[in-house]
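Presented below is the structure to which this report refers.
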Amino acid sequence: GAGVSQSPRYKVAKRGQDVALRCDPISGHVSLFWYQQALGQGPEFLTYFQNEAQLDKSGLPSDRFFAERPEGSVSTLKIQRTQQEDSAVYLCASSPAGQANTGELFFGEGSRLTVL
Amino acid sequence: AQSVTQLGSHVSVSEGALVLLRCNYSSSVPPYLFWYVQYPNQGLQLLLKYTSAATLVKGINGFEAEFKKSETSFHLTKPSAHMSDAAEYFCAVSENSGAGSYQLTFGKGTKLSVIP
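Same order as they appear, the protein sequences are chains A and B.
According to this note's numbering, the stretch in the first sequence is residues 928 to 1043, in order.
According to this note's numbering, the stretch in the second sequence is residues 174 to 289, in order.
Set out below in structure tokens:
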């Protein structure tokens, strides 16, 4: 596609439910990032993939958060047993090989998760 | 860890007036610095970046920013505000996480309102 696509755009979950958020990066982009943006805050790093390899998951807040990118393209961020503090916009970003180290990322519109 | 401080969560200017959005960073090494813009219901978009070349960086839509090492600042300016500039602006610094990825550390953002 022309840009980074994320789905669903909006998700409401009851506390304790599992959710899965999908990211379709720009075709051919090697690097893929997930960020979490709480209300009134800037995006915060969650995890980074280079192709299918998850090279950095230091930003995942707990073991309830899991991300994968099995074929080096589409990525899924899964949150198990959601809690209210998980409510945020989850942003996916991608970049071509070599640009990840200059921070020039292409962002999707985000998935807004609300946990009741 | 590097950090970014944006002074003023909300800035209002009149149409045609100077826009000045402030950003200060902390870093022990020469950083890569960025400004991203987020229009309502859209993903973050790169406005401009500093990667240790010219200290005055020109971006899209008439914006520019000056890297001042002595002040650890990277303020964003535009000589004349336009209604279409109303958006949220994020300053970010690129940090080598040591795990093969370069994380972006964002400020909390500044929402710019333009008054007709």
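Using N, Cα and C, we set each Cβ at its ideal position, and we do this for glycine too.
- Residue state for B:E237 is assigned as strand, using DSSP reduced to three classes.
- With 16 or more other Cβ atoms from the protein chains shown falling within 10 Å of its own Cβ, A:D1013 counts as buried.
- Judged by DSSP secondary structure, A:E971 falls within the beta strand (DSSP E) whose first and last residues are 971-977.
- Within chain B, the residues G216 have their CB atoms less than 8 Å from the CB of A:V931, given in chain order.
- Neighbours of A:E1031 in chain B, taken as residues at a C-beta separation under 8 Å, are given in chain order as F207, L219, K222.
- The C-beta distance from B:T283 to B:L193 rounds to 10 Å, too long to meet the 8 Å contact threshold.
- For the C-beta of A:F1034, the chain B residues within less than 7 Å are, from N- to C-terminus, G216, L217.
- For a Cβ distance threshold of 8 Å, residue set G967, Q968, G969 of chain A lies close to B:K281, ordered along the chain.
- Proximity of B:Q276 to chain A, defined by a Cβ-Cβ separation below 7 Å, is satisfied.
- For A:C1019 and A:T1003, the gap between their C-alpha atoms comes out near 10 Å.
- Secondary structure at B:T245: coil, using DSSP grouped into helix, strand and coil.
- With a contact defined as Cβ atoms closer than 8 Å, A:G969 and B:F263 qualify at about 5 Å.
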